[in-house]
Structure formats: structure tokens, C-alpha cells
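Residue numbers (this note's numbering), protein chains in the order written: chain A, 1 to 425; chain B, 1001 to 1370.
Working notes, structure below.
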């Protein structure tokens, strides 16, 4: 999870502050503070959902943002640290579930869709790179922003699917495309490192090292994912207990994520492949509990609060043209690829529009998870601070707008949410 | 609206309609992707047709007019191949079977057409519960009187078709104990059951006019009878079969009906009577509940017999007609299935191996798609 780039100083609360005042809350134990924020998030998420039909996660993220230094500064971003293992687990399980949810064979059965998966990310990356470069940013930095902009947030996508339970072609394509563009982003960031090293005039050792490192990370992550999926299968066969199955899954997810981090591989790719492998080997015996039941629901809320706490709008007055360039370049790139290949891949124009909008959620997690390790910012030397900040602002915007767009697209445009209009008890 | 004229058609010609399940390749529950599949099949190469059905997780396919088993089978296999190819492009599966083993009716969405919306408004939740999948077989008749005679003469054999085609033991995740639970859903409709016992097309027209004047029916489509005349096509339509798990079985069942019709028309083994229907619902229940192991009562002799034995005897009686109609392969397939068990038995065997119902549906989709 987030190795946060900033280091806000923790404010010292006034000793005389009453506990229910802002200063009093700021001085409270961070764990207690986070628990209070958790309660508020649940209430706000539910209220926004019932009154404005917004996805609950928006309320959770807004709560995180309100508690963060962006607004009331009730919690510091470093206060997330004690919760980090749980948040990591929530992300890991969602990524593993995404892997188990997709069927790679589909890409062979529908080549046009396979091409869509490849091109929607690629076009988005190229469009963002071109737009930012034309706006005067250095090519290397613009290319990194392009690489990051390729991906759709797997966490937001899967959480939305859990919440609104859509069924249909757009949903299936959204899940597959999200998985594909996350992998593509990871590979592209590796390639970016190679390109960055190639600034040297000759085929230097550094370039060879970077290329070899990229190949190692991709193949190592694949192997680790295969091994984790195989291990889960064998252990499940040995135990054969329905009650033990979620525990085994959690253990394997933690193991794979930890090993990937330790060996400087990609946790995202490893967990995706682990999910796919487990699904392939276990078939119907693999039951990935959505959100791991009620305990998992709490994990989900924590995750979105944490994402909200990472929101930043610093320097937006100066950076807004680049932020807009990034958001609309990304939208244009994805729209072009999905639109061009809609008919050959079997999608109607309306469904294509729905898919384009549903692919918009963008998350800093995409950046963090596609890095070798969680300390991603240190691994990208030479990146311009203004590019990084523009990326974070664009991410903040798409965190809030993306889930709303995606929900509207799946529900109203694609008509894939039969229960959306049903009255809740 | 009055009853349409009965359009004459070539006797003993065949047409087959199959209602099929569209399932997700992820959880093998029903998937509302009929419009997507229909769009891909818009320019299919074939003389067959594909249409929407009442909910978005179903489609209906229909063969062209056929005369022989081999051609019908070839066409259904071509249809199956093209449909499967399109389904794979959408990452969905297509399965036979009279019910989906664990779909929930409230999850289903009505296909957006005026007719289906009307049915939804009229029947309420029954419309969504009608997410069941049947095979309908049309047999050509030269005139309305002959069609009605054949319709009533065939009533004695309705349990045969139910038991042979039965493939709906599971409903809403539970083994119902029925081999064909699908027909219980059909029975919930007020205009289901059997056609009134009238001999001539003129009498039938009077009956239809009376019903239409009550406002209860608008067209023949509003009758959900087990066998009903279809005047526009010049056929009678047998509607009791569950959709089998394979198209070969579907073709064989259609040709069994063709041979039976030939036998009845040419040999007149008995004259249908209103009293034949005294045992009709009992026999029908036995076939639905116990399949080939059910016991039926012969409406003429009042003798009880095992359905399996009755079918064996009937197959022997119609062999000559099967030979003439080039349908011996169909008869043999059905004869073999009497001992192997029907599709409901196959589905139960999968479940008995300890497979979850999703795996049972996957197996069924595998058998249909090949």
C-alpha cells in the first residue's frame, strides 16, 4: 500500500482541547481516530447512496479526504501505517479475485476484443504522453504519466461490481480489460525504465540491466503467481473444508504478495496470475468470497478511506491544464480503441460508450501496485515533480468521478444492473 | 379478432423450435445477453432462424421446414455450430435442459419487446418464472379438421415425449424429484393444459370466438396448451418437451413425432374421444414426476403400464413408418436412451458425483456446444 510521498508534520493538539473538538480529535490516538472515521464513512457512504444513488465507496473516500490534511486534518497520512497490513490484504484479495474472475481463453475466441484490451490501454498511454509532451512537459516524464494513465483501478472496478451486481457483456469486458490494462501498465513502466536508461548515447550496461530486470520481474511474477495458484489448489485438495477455504485464500494471497515485494517482483501480476491459475486448476471448487464476508466489508471501507486520505489537490491552480490534458487524453485514447473495435468485437455503440465510461476510474493504486515495490516513487528517479503531482490530482478527480460514471454506464447505458432500481429493504 | 384460416401445408413436414439457456462462463448462472448474441447472429449463414424469448437470458431457435431426419439433424448441428461460435466470442455458454438448475427468477429481465412487456404486465412474476426452456415440434397438416383429429389422437402419447425429453430435475438450486419440473411452471398459466375436444376447424373457430369475446385471449399465442394448432403455419405444435441436452436428441424426438403422426394417420389404430382425457393429467403427472419409470393408464383399455415399456411397444409399431420416413436412426437413438436414461438422469448423475450445480450446468453447456 501507499508509501506516501509527503511528510506532513503531525499537529500537536492543544493540551487543553476538549475531546470532541477538532483539536481534541487531532490529538486522539490515531487508531481510535481511524475507527471514528470508519464509523463516519459507513454512515456517509450509506447516506450518499440512498439520497443521491452514488456508489458507497464515494462516501467512504470523501470521508477519508475530509479527515485528511486536505480538509480537517483529523488524521495524518502516516496514521494509516498501523492499518497498512489490513489494507494491503483488502487490495490483494480484490486483485486475486479479479484474476479468478477472468477467463484468458476469451481473448483467443474473440481476437478483436483481445486487440481492444491491448489498444485501449496503449492508445490512452500514447494520447496522454502526446498531449502532455505538446503542453511542454519532457518526453520521459510525459511517458511515465501515459503509462500510469493506461490502467483502470482494479479495486474500484471490482468493488463496484460487488456493490451493484451487474451482469452482461459490458461488465465482463470491463473486468477483462481492467486486468489487461493493469498488466500492460506494469510492463510499460518497466519499459519506461529501459527507455529512461536509453538516454545514454550507447547501449550501456545500465540499459541491459534495466531490460534484464524488466524481463525478470515479469517472468518472476508469472512464475510466482502460477506457484501460488498451484499451492492453493493442492492445499484445498488436502483440507477439503469449506470453512477453511477463505483462510487458505487469505494465507496464499499474503504469501504471494509478501514474496513478490521481497523479491522485487510485481504483486499485481503475481496475484492476478495466482487467481487465474487457481480458477483454472480448481474450477468450481474455488469460491472467492466477495469482500470476505462482513469482516471483508470493513476491510473494503478501510481501503476506500485510505484512498480518500491520499487525495490531493495541491497546486491545482498551476497544474490544472496538465490535469485536464491527462484526464481527457486518457478518455480520448480509450474511446478511440474501444469505439474502433466495438462492432468487430460484437459490441453495440451504446455498450461501447458504456465500456469507455466504465473504464475511467483511475487510482493511485494502479501506480503503487504496478511498481516493483511499494516504495515506487524512489524507483522513478528523474521524474518531474509537477508531472507526479498532476498525476495525483488527476487520480483524485477520477477517484470521485470514475465510480459515478462507471455506475451510470453499467446501470443506465448498458442496462446490466437488474437490481439497481429494486427497492431496498 | 377471429381465428385465422388454417393454411394447408404438406402433411408430415417438420419444424423444430428450441428454447436455449445463455449462461455466464464465470459462474454458469443465466446471463442476460440475448441481444448480444442476436446481434452477432444477424447475418448468419443458414435457413434457420433465431429469435428472442421472454427473458434476456433465453433465445429461441427454429429450423426450416424439414422432411427427413438426416437433413433436420444436419441443420440443427449447423445451427448449433454457428451459435456456439458466436457465444464463444461473447464468453458465454449455451445449454439445453428444461430449467436452469439454480437461476433465481427475480434476477431475470424481460426482453424489451411489446409482446413480452404485455405478458409481464399480465402475468406478473409468472412471466419471469417462465424462464424455462422447451422444445416445440410442428407437424404439417393438410387442413384444420385433420390437424384437430391428429391433435387429439396424439394426446395418448404426450407422456412419451415428456419422459423422453425430461431434463429439468433442478429448480432454484434444489432437486425437485421431478424429471420434468419445467411443466409445473407452464401449468401455472391459466390457459395451459389441453385443447378443448372439438372435431372440426369450424367448431374450433366458434370456441375461439367465444374465448376472444370474453377478452381472455387475443390470439392462439395466448393458449399454452400441450398441443395446439398453429393455423398460420398449417401445423399442430407439440409443446411438452424439455429442451434436450443435445441437438441430436432434439432431432430424434421430432422424428418420433413425425413417425407417430404417420402411424396414426395411416393406420387409425383408434378414434380419439373426449374420455381419453380422463387419464390425461394423471399420465402427464407420472411422466413429469418419474420420467421413464412412470406408470401410465391406457385411456382405451384402462390397463396400467410402465412408460418405458409403452414407448418400446410404440417404437416397434412405428418402425415401418420410420423406415419409410428415413427416421430409423432417430428411433434407434431413442430406443438406446430408454436404457441409458433420459437427460434428467444424466444431470442427476453429475450431481451425485459431488459436483456443484454450477459444474452440472457447465457440463450441460459442454454437451450442447460440443
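The C-beta atom is built at its ideal place from N, Cα and C for all residues, glycine as well.
_Secondary structure, alpha helix (DSSP H): runs of 4+ residues fully inside the stretch 1262 to 1339 of chain B_ = Counting whole runs of 4 or more residues, the stretch 1262 to 1339 of chain B contains the alpha helix (DSSP H) stretches 1280 to 1290, 1307 to 1324.
*Just the Cα atoms here: how many angstroms apart are residue 334 of chain A and residue 193 of chain A?*
Cα-Cα distance, rounded: 24 Å.
*Buried/exposed call for residue 351 of chain A, threshold 16 Cβ in 10 Å*: By the 10 Å Cβ count, residue 351 of chain A comes out buried.
*Does the distance from the C-beta atom of residue 1164 of chain B to that of residue 1311 of chain B stay below 8 Å?*
Yes, the Cβ-Cβ distance between residue 1164 of chain B and residue 1311 of chain B is below 8 Å.
*Going by DSSP, name the residue or residues bridged to residue 1066 of chain B.*
Residue 1066 of chain B pairs with B/1014.
_Length-filtered (3 minimum) beta strand (DSSP E) runs lying within the stretch 1071 to 1143 of chain B_ = Segments of the beta strand (DSSP E) lying fully in the stretch 1071 to 1143 of chain B: 1092 to 1095, 1134 to 1140.
*Let me know the alpha helix (DSSP H) ranges lying completely inside the stretch 334 to 362 of chain A, each 4 residues or longer, listed in chain order.*
Within the stretch 334 to 362 of chain A, the complete alpha helix (DSSP H) runs of at least 4 residues are 349 to 358.
*For residue 417 of chain A, does the count of other Cβ atoms within 10 angstroms reach 16, so buried, or fall short, so exposed?*
If you draw a 10 Å sphere on the C-beta of residue 417 of chain A, you find 16 or more other C-beta atoms in it, and that means buried.
*Using a Cβ cut-off of 7 Å, pull out every chain B residue sitting near residue 169 of chain A, in sequence order please.*
Within 7 Å Cβ-Cβ: 1033, 1036, 1090.
*Of all the residues that make up the stretch 70 to 103 of chain A, which are near chain B by a beta-carbon distance shorter than 7 Å?*
If you check each beta-carbon in the stretch 70 to 103 of chain A against every beta-carbon of chain B, the ones closer than 7 Å belong to 101, 103.
_Give me, in chain order, the residues of the same chain whose beta-carbon lies closer than 6 Å to that of residue 1322 of chain B; leave out the 5 immediate sequence neighbours on both sides._
These residues qualify, in order along the chain: 1259, 1328, 1331.
_Residue-chain proximity (residue 1025 of chain B, chain A), Cβ-Cβ < 8 Å_ = True, the Cβ-Cβ gap to chain A drops below 8 Å.
*Straight-line gap, residue 1226 of chain B to residue 1288 of chain B (C-alpha atoms, nearest Å)*: Answer to the nearest angstrom: the Cα atoms are 13 Å apart.
*Can you name, in chain order, every residue of its own chain whose Cβ lies under 6 Å from the Cβ of residue 288 of chain A, other than the five neighbours on each side?*
Taking C-beta separations shorter than 6 Å and ignoring five residues to either side along the sequence, the partners of residue 288 of chain A in its chain run 97, 100, following chain order.
*Which bits of chain A does residue 1107 of chain B rub up against, with CB to CB less than 7 Å?*
Going along chain A in sequence order, the residues near residue 1107 of chain B (Cβ under 7 Å) are 418.
_If we define contact as Cβ-Cβ less than 8 Å, is residue 314 of chain A a contact residue for chain B?_
Chain B, which has no Cβ nearer than 8 Å to the Cβ of residue 314 of chain A, makes this no.
_Under 8 Å: do the stretch 113 to 125 of chain A and the stretch 335 to 354 of chain A share three or more Cβ pairs, one atom per stretch?_
The stretch 113 to 125 of chain A is in contact with the stretch 335 to 354 of chain A.
*Between the Cα of residue 1024 of chain B and those of A/84, A/79, A/52, A/169, spot the shortest distance and give me the residue it belongs to.*
That would be A/169, whose Cα lies nearest to the Cα of residue 1024 of chain B.
*Could you name the residues of the stretch 1337 to 1370 of chain B whose beta carbon sits closer than 8 Å to any beta carbon of chain A, in the order they occur along the chain?*
Under the 8 Å Cβ criterion, the stretch 1337 to 1370 of chain B contributes 1355, 1356, 1358, 1359, 1362.
*the ligand ZN heavy atoms versus the CB of residue 337 of chain A: any closer than 7 Å?*
This structure does not include the ligand ZN; it has no bound ligands of any sort.
*asked:* Beta-carbon within less than 6 Å of residue 1183 of chain B's beta-carbon, same chain only, minus the 5 sequence neighbours each way: which residues are those?
replied: The answer, listed in chain order, is 1288.
*Does DSSP classify residue 318 of chain A as helix, strand or coil?*
Assigned with DSSP and collapsed to three states, residue 318 of chain A falls in helix.
_Between residue 1039 of chain B and chain A, is any beta-carbon pair separated by less than 8 Å?_
Yes, residue 1039 of chain B counts as interfacial toward chain A.
*Distance, Cα to Cα, residue 112 of chain A vs residue 1045 of chain B?*
The alpha-carbon atoms of residue 112 of chain A and residue 1045 of chain B are separated by roughly 21 Å.
*Go to residue 1236 of chain B, then tell me how far its beta strand (DSSP E) extends in each direction, as first and last residue.*
1235 to 1242 is the extent of the beta strand (DSSP E) around residue 1236 of chain B.
*Answer with yes or no whether the minimum CB distance from residue 348 of chain A to chain B is below 8 Å.*
Cβ-Cβ to chain B under 8 Å: yes for residue 348 of chain A.
_Residues that residue 172 of chain A contacts on chain B, provided the C-beta gap is smaller than 7 Å_ = Correct list: 1091.
*Got a sec, what are the start and stop residues for the beta strand (DSSP E) residue 1049 of chain B sits in?*
First-last of the beta strand (DSSP E) with residue 1049 of chain B: 1049 to 1052.
*Taking buried to mean at least 16 other C-beta atoms within 10 Å of its own C-beta, is residue 1280 of chain B buried or exposed?*
It is buried - the Cβ of residue 1280 of chain B has at least 16 other Cβ atoms within 10 Å.
*asked:* Restricting to Cα atoms, I'd like to know which of B/1075, B/1220, B/1162 is closest to residue 1294 of chain B.
replied: When only C-alpha atoms are compared, the closest one is B/1162.
*Please name the residue or residues paired with residue 1170 of chain B in a DSSP beta bridge.*
Bridge pairing for residue 1170 of chain B: B/1175 [DSSP].
*Could you list the residues in the stretch 265 to 284 of chain A with a C-beta less than 8 Å from some C-beta on chain B, going in chain order?*
Cβ contacts with chain B come from 283, 284.
*Contact set between residue 106 of chain A and chain B, taken where Cβ atoms lie within less than 9 Å*: Correct list: 1025, 1088, 1089, 1090, 1091.
*Given a threshold of 16 other Cβ atoms within 10 Å of its Cβ, counted over all protein chains shown, does residue 63 of chain A qualify as buried or as exposed?*
Here residue 63 of chain A is buried, its C-beta having at least 16 other C-beta atoms within 10 Å.
*Who are the neighbours of residue 110 of chain A on chain B, taking C-beta pairs under 8 Å?*
Taking a Cβ-Cβ cut-off of 8 Å, the neighbours of residue 110 of chain A in chain B comprise 1088, 1089, 1090, 1091, given in sequence order.
*Compute the distance between the beta-carbons of residue 260 of chain A and residue 224 of chain A, then report whether it is under 8 Å.*
Yes, Cβ-Cβ distance for residue 260 of chain A and residue 224 of chain A is below 8 Å.
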